[in-house]
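Residue numbers for the sequence shown follow this note's numbering, beginning at 49 and rising by one.
Glycine included, C-beta positions come from ideal geometry on N, C-alpha and C.
Fair warning: this is a prediction, and the values are worked out from it, not measured in the lab.
Notes follow the structure.
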Amino acid sequence: EYTIDVFFRQSWKDERLRFKGPMQRLPLNNLLASKIWTPDTFFHNGKKSIAHNMTTPNKLLRLEDDGTLLYTMR
């Protein structure tokens with residue numbers, strides 16, 4: 049038996065979130081992140097998994113102008 053602590057990163061494109069403006073990349077806070085669709089990813093044959101939480105969720109969501117999202121969590 050073993051335990052690992054990982055940073056899990058996913059990226060996908062949602063054309064509905066494309067935007068034009070002076071910035072090419074926007075960091076999204078946790079409140080906005082909860083309102084955007086994210087994949088329901090799981091580890092096949094995993095025995096147990098937990099999301100690491102501190103005083104705030106350990107997540108980062110970044111939106112690029114072409115609608116690409118980068119989602120990182122611990």
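Specify the secondary structure class of E63 as computed by DSSP and reduced to three states.
helix
If you compare alpha carbons, which of E49, F91 and T86 is closest to K61?
T86
Between F67 and D113, which are expected to be in contact by the criterion C-beta below 8 angstroms, what is the C-beta distance as a whole number of angstroms?
6 angstroms
On the CB-based measure, 16 or more other CB atoms within 10 Å of its CB, does K107 come out buried or exposed?
buried
C-alpha distance - R110 paired with K83, whole-angstrom precision
13 angstroms
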